[in-house]
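Its first residue numbered 1, the sequence shown is counted upward by one per residue in UniProt numbering. We treat Cβ as the ideally placed atom computed from N, Cα and C, and that holds for glycine. Below: one structure, written as structure tokens.
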Amino acid sequence: MPKYKKPLAFLFGAIAMISYLSIRYFPRTEDAQTVLSVQDESTHMQVYLKDHDHSLVPLSIPVSEEMNEEDKLQLMVSYMSGKQNIKGFLPLFTKECTVKKVMIANGKAVMDFDDSLKNYQKEDELRVLESLTWGATQFHDVEQLEIRLNGVKLSSMPNAQTPIPNVLNRGIGINHFETATSALHTSDSVTVYCAKKIEGQQFLIPRSKRVMHASDSIKEGVLQVISDVSASSELSQPLYQDDIKINNFQFSNGTLIVDINKNLLSSDKSVKEDLYDSLILSLSALSGVDKVQVKVDGVSVMPQQQESAVSVYDLSYNEIAF
1 MPKYKKPLAF
11 LFGAIAMISY
21 LSIRYFPRTE
31 DAQTVLSVQD
41 ESTHMQVYLK
51 DHDHSLVPLS
61 IPVSEEMNEE
71 DKLQLMVSYM
81 SGKQNIKGFL
91 PLFTKECTVK
101 KVMIANGKAV
111 MDFDDSLKNY
121 QKEDELRVLE
131 SLTWGATQFH
141 DVEQLEIRLN
151 GVKLSSMPNA
161 QTPIPNVLNR
171 GIGINHFETA
181 TSALHTSDSV
191 TVYCAKKIEG
201 QQFLIPRSKR
211 VMHASDSIKE
221 GVLQVISDVS
231 ASSELSQPLY
241 QDDIKINNFQ
251 FSNGTLIVDI
261 NKNLLSSDKS
271 VKEDLYDSLI
281 LSLSALSGVD
291 KVQVKVDGVS
301 VMPQQQESAV
311 SVYDLSYNEI
321 AF
């Protein structure tokens, strides 16, 4: 037996060294959490990739504070093209997609692509449109997107001719279960954030549905956020499951204040963070909302380290660390 000690010691040592080197030079490239945090928007950006069920998932990715928004949009398209392998997620473009130029002015981002914009499957066309639109409008000074192909503004996407609204913004919604696209022009979109487990991690995923135009879109939106229930067994809507109800709400100068029933609180009177996160994100997705404040029976509540009124543009969730 002693004659095997040195070879075994060498073998175990080699395994240990390989393990160390694999961790040192090939570390885990991603880690996600659903805890909603408030960060300066200059330190992260959102990239929308699809999971294996083809749902678009917003991932918060760290970026340098020195990067301007035009460069961030260039980087966003690189991630959509598969720049970085993120476990559990798939790129939207089958090959590299290149943005020739990005311009931001007067509340509009103009993204001018070359022919590589066509590097996607036809069945992913609406997802590509939604991903570009929601990604571009994540910044506080960008309200809408214009997509160009070789300098020419597109009125429809190039592969399956999905129509592009003249004013392209988050009103198109995201992760619709409807397959028809004509409703984009005749209805409003309400988005609710639901929980989903991907590769053992919990993620918050936006899901939109079309509703008829309403004279008071904020009121209708608030009511729809609370009443909405997931149409997919893969998604979990905590607001519905915990019977969250709104007592009343106020909307003024971009700030939405909602008063919720006590089901938002745990038995120890602390805020149920999963409900709070879903509620804040869902309300912040309503058009015209810049800040959201939540109250229970008239008393402002929030998890620790968050201000009473949360800025929509500083919300960070589904964080990925490289």
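How would you call K72, buried or exposed, if buried means at least 16 neighbouring beta carbons within 10 angstroms?
Sequence index remark: in the sequence shown, residue 72 carries index 72 (1-based). The residue in question, K72, is buried, as its Cβ has 16 or more Cβ neighbours within 10 Å.
If I'm right that V190 touches V225 with Cβ under 8 Å, what's the distance once you round it to whole angstroms?
The count along the sequence shown starts at 1 and reaches residue 190 at position 190. The count along the sequence shown starts at 1 and reaches residue 225 at position 225. Sure, about 7 Å apart at Cβ, within 8 Å.
Is DSSP giving Y313 helix, strand or coil here?
Walking along the sequence shown from the start, residue 313 turns up at place 313. Helix at Y313.
For V152, is the classification buried or exposed, using 16 other Cβ atoms within 10 angstroms of its Cβ as the cut-off for buried?
As a position in the sequence shown, residue 152 is number 152, starting the count at 1. A residue is called buried when at least 16 other Cβ atoms come within 10 angstroms of its Cβ; V152 does not meet this threshold and is exposed.
Counterpart residues of D112 in DSSP-defined beta bridges:
Residue mapping note: residue 112 aligns to position 112 of the sequence shown, counting from 1. For D112, which the question treats as bridged, DSSP gives the partners K101 and R148.
Is Q46 closer than 8 Å to E60 when the C-beta atoms are compared?
Your numbering for residue 60 matches position 60 in the sequence shown. Your numbering for residue 46 matches position 46 in the sequence shown. Reading off the sequence, residue 60 comes out as Ser, not Glu. Against a cut-off of 8 Å, the Cβ pair of Q46 and S60 comes out as a contact.
When we look at the beta-carbon of H44 and count the other beta-carbons within 10 Å, is it buried (16 or more) or exposed?
Taking the first residue of the sequence shown as 1, we reach residue 44 at position 44. Under this definition H44 is a buried residue.
Alpha-carbon spacing of S81 relative to A136, whole angstroms
The residue labelled residue 81 in the question sits at position 81 within the sequence shown. The residue labelled residue 136 in the question sits at position 136 within the sequence shown. Using only the alpha carbons, I get a separation of about 16 Å.
Rounded to a whole number of angstroms, what is the C-alpha to C-alpha distance between S208 and N150?
The residue labelled residue 208 in the question sits at position 208 within the sequence shown. The residue labelled residue 150 in the question sits at position 150 within the sequence shown. Taking the straight line from one Cα to the other gives about 31 Å.
DSSP three-state assignment for D243, whether helix, strand or coil
Looking up residue 243 in the sequence shown gives position 243. It is coil, neither helix nor strand.
Output needed for L21: all residues of its chain with C-beta closer than 7 Å, excluding positions within five of it in sequence on either side, in chain order.
Numbered from its first residue, the sequence shown carries residue 21 at position 21. Only weak support is given to the placement of L21: the predicted model assigns it a pLDDT of 36, under 50, and the question is left unresolved by the model.
Apart from the five residues just before and just after K197, which ones in its own chain have a Cβ nearer than 8 Å to its Cβ?
Walking along the sequence shown from the start, residue 197 turns up at place 197. Excluding sequence neighbours, K197 sits near F203.
Can you tell me which of the three DSSP states I320 falls into?
Position 320 of the sequence shown, counted from the start, is the residue given in the question as residue 320. DSSP places I320 in coil when its eight states are reduced to three.
Rounded distance between the beta-carbons of T94 and Q121, thought under 8 Å:
Stepping through the sequence shown from its first residue, residue 121 is reached at position 121. Stepping through the sequence shown from its first residue, residue 94 is reached at position 94. Right, the Cβ-Cβ distance comes to about 7 Å (below 8 Å), so this counts as a contact.
Count the other CB atoms within 10 Å of the CB of G221; is the residue buried (16 or more) or exposed (fewer)?
Translated into positions along the sequence shown, residue 221 becomes position 221. Residue burial annotation: G221 is buried, with at least 16 other C-beta atoms found within 10 angstroms of its C-beta.
Judging by CA-CA distance, which residue of Y48, K108, V99 and S227 is the nearest neighbour of Q84?
By one-based count along the sequence shown, residue 84 stands at place 84. Q84 has its Cα closest to that of Y48, out of Y48, K108, V99 and S227.
Nearest residue (CA-CA) to P158, options L129, G288 and N169:
Within the sequence shown, numbered from 1, the residue matching residue 158 stands at position 158. Comparing Cα-Cα distances from P158 to each of L129, G288 and N169, the minimum goes to L129.
Residues near S311 by beta carbon distance below 6 Å, same chain, minus five either side
The residue labelled residue 311 in the question sits at position 311 within the sequence shown. These residues qualify, in order along the chain: K291.
If I205 sits next to N175, beta carbons under 8 Å apart, how far is it from one beta carbon to the other, in whole angstroms?
Walking along the sequence shown from the start, residue 205 turns up at place 205. Walking along the sequence shown from the start, residue 175 turns up at place 175. Yes, I205 and N175 are in contact; Cβ-Cβ is about 7 Å, under 8 Å.
When the Cα atoms are used, what is the spatial distance from S282 to L223?
Along the sequence shown, read from residue 1 onward, the residue named residue 282 stands at position 282. Along the sequence shown, read from residue 1 onward, the residue named residue 223 stands at position 223. Cα to Cα, the separation comes out at about 11 Å.
What separation, rounded to the nearest whole angstrom, lies between the Cα atoms of I280 and V294?
Locating residue 280 in the sequence shown gives position 280, where the first residue counts as 1. Locating residue 294 in the sequence shown gives position 294, where the first residue counts as 1. The C-alpha of I280 lies about 8 Å from the C-alpha of V294.
Can you grab the Cα-Cα spacing for the pair T255 / L315, in whole Å?
As a working note, residue 255 is residue 255 in the sequence shown. As a working note, residue 315 is residue 315 in the sequence shown. One C-alpha to the other measures close to 15 Å.
Report the rounded CA-to-CA distance for Q138 versus S116, giving the unit in angstroms.
To locate residue 138, count along the sequence shown from 1; it is residue 138. To locate residue 116, count along the sequence shown from 1; it is residue 116. Cα to Cα, the separation comes out at about 24 Å.
Does DSSP put D51 in a helix, in a strand, or in coil?
If you number the sequence shown from 1, residue 51 lands on position 51. DSSP places D51 in strand when its eight states are reduced to three.
Limits of the beta strand (DSSP E) - the one that I257 falls within:
Translated into positions along the sequence shown, residue 257 becomes position 257. Start and end: T255 to I260.
Take the Cβ of Q144 as the centre, count every other Cβ of all protein chains shown within 10 Å, and call the residue buried at 16 or more, exposed below.
As a working note, residue 144 is residue 144 in the sequence shown. Q144 is buried by the Cβ-count criterion.
Burial state of V299, where buried means 16 or more other Cβ atoms lie within 10 Å:
The count along the sequence shown starts at 1 and reaches residue 299 at position 299. If you draw a 10 Å sphere on the C-beta of V299, you find fewer than 16 other C-beta atoms in it, and that means exposed.
Beta-carbon proximity check, D243 vs S217, cutoff 8 Å:
Working through the sequence shown from its first residue, we reach residue 243 at position 243. Working through the sequence shown from its first residue, we reach residue 217 at position 217. Not closer than 8 Å, so no.
Taking the beta strand (DSSP E) that R127 belongs to, which residues open and close that run?
As a first step, residue 127 is located in the sequence shown; it is residue number 127 there, counting from the start. Segment E125 to A136 is the alpha helix (DSSP H) holding R127; no beta strand (DSSP E) there.
Does DSSP put P27 in a helix, in a strand, or in coil?
The residue given as residue 27 occupies position 27 in the sequence shown. Residue confidence is low: P27 scores 37 on pLDDT, short of 50, so the model does not pin down where it sits. Its coordinate-derived value is still stated next. It is coil, neither helix nor strand.
Same chain only: Cβ atoms within 6 Å of K245, ignoring 5 sequence neighbours per side:
As a working mapping, residue 245 is identified with position 245 in the sequence shown. Cβ neighbours of K245 beyond the five flanking positions: N261.
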